[in-house]
Amino acid sequence: MRRALGIALSMALALMLAAAVSSAGATPLLSCPVGNSAGTFTPPLTNTPQPVGVTYTDNYGPCVGLSGVRTGTMTRTAPPAPRTCTSLLGGTMNVPLTIAWSTGTTSDVIVDSYPQLLTGGVVELTLIGDVTGGDFAGGHIVVVDLVVGATPLACSTTGVASSSGLATLTITP
Numbered sequence: 000m001r002r003a004l005g006i007a008l009s010m011a012l013a014l015m016l017a018a019a020v021s022s023a024g025a026t027p028l029l030s031c032p033v034g035n036s037a038g039t040f041t042p043p044l045t046n047t048p049q050p051v052g053v054t055y056t057d058n059y060g061p062c063v064g065l066s067g068v069r070t071g072t073m074t075r076t077a078p079p080a081p082r083t084c085t086s087l088l089g090g091t092m093n094v095p096l097t098i099a100w101s102t103g104t105t106s107d108v109i110v111d112s113y114p115q116l117l118t119g120g121v122v123e124l125t126l127i128g129d130v131t132g133g134d135f136a137g138g139h140i141v142v143v144d145l146v147v148g149a150t151p152l153a154c155s156t157t158g159v160a161s162s163s164g165l166a167t168l169t170i171t172p
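Reminder that position 27 of the sequence shown reads as 26 in numbering that gives the first Met the number 0, one-by-one numbering, no gaps.
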C-alpha cells in the first residue's frame with residue numbers, strides 16, 4: 000500500500016513539475032525534481048479551531064543547473080493562529096522565505112500564491128513566486144509539495160501532529 004502510494008505520488012509530482020516548467024516556457028535555471036517535505040503542527044490539528052503553529056521544511060536535491068547548486072533547504076513557519084484540519088485547505092498568502100543552498104549561498108523569495116488542494120487524502124501545496132535576492136535573483140520559483148497526513152479519522156480523534164511527502168522546486172528566468 001505504501002509503495003503504491005509512493006509511486007502514485009512520484010508520478011503526480013513528476014507530471015506537476017513538467018507542467019510547471021512547460022507553463023513557464025523557459026529553460027530552468029535550477030531544477031530540483033526530487034525532494035521531501037515534512038510538516039509539524041503544534042498542538043496537533045483537529046476539527047476544532049484552536050491556536051496551532053505550523054512548520055514545514057523542504058529538502059531539495061539532487062538539483063540540476065549551471066550554478067553548482069546540488070541541494071537546498073527551505074523552512075516555512077506560521078505562528079499559532081486559529082486552525083483546523085480543513086482551514087489549511089484554502090486561501091492564499093504572501094510569504095517571504097529564504098532557501099539555503101549547498102554552495103553556502105541563499106535565495107530570498109516572495110511566494111505570491113499559496114493554493115492548497117485536498118485530493119484523495121493527499122494535500123497538494125503549490126507555491127508560486129519570485130526570487131527577490133541572493134542566488135537566482137529576478138527568477139521565478141515554483142514549489143510543489145505532495146504530503147499525506149490530515150486524514151478525516153485522525154482529525155476527528157487524536158489530531159494530526161505531522162505530515163510528510165514529496166517536494167520539487169523549479170526556478171526559471
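From the three backbone atoms N, C-alpha and C, an ideal C-beta is built for every residue, glycine too.
Taking 8 Å as the cut-off, the Cβ atoms of residue 136 and residue 142 do not count as close. Under DSSP, no beta-bridge partner is assigned to residue 160.
Fully contained in the segment 74 to 153 are the following beta strand (DSSP E) runs of length 3 or more, in chain order: 94 to 100, 105 to 112, 115 to 118, 121 to 133 and 139 to 147.
Put simply, the segment 38 to 55 touches the segment 146 to 158. At least three CB pairs are less than 8 Å apart. In this chain, the beta strand (DSSP E) harbouring residue 29 covers 29 to 31. Look at the beta carbons and you see the segment 59 to 72 touching the segment 25 to 37: at least three pairs across the two are nearer than 8 Å. The beta carbon of residue 133 lies closer than 7 Å to those of 104, 105, 106 and 107 in the same chain, with the five residues before and after it left out. For residue 56, same chain residues with a beta-carbon under 7 Å away, outside a window of 5 residues either side, are 37, 72 and 74 in chain order.
Looking from the CA of residue 84, the closest CA among 97, 125, 164 and 42 belongs to 42.
Between the alpha carbons of residue 128 and residue 109 lies a distance of about 5 Å.
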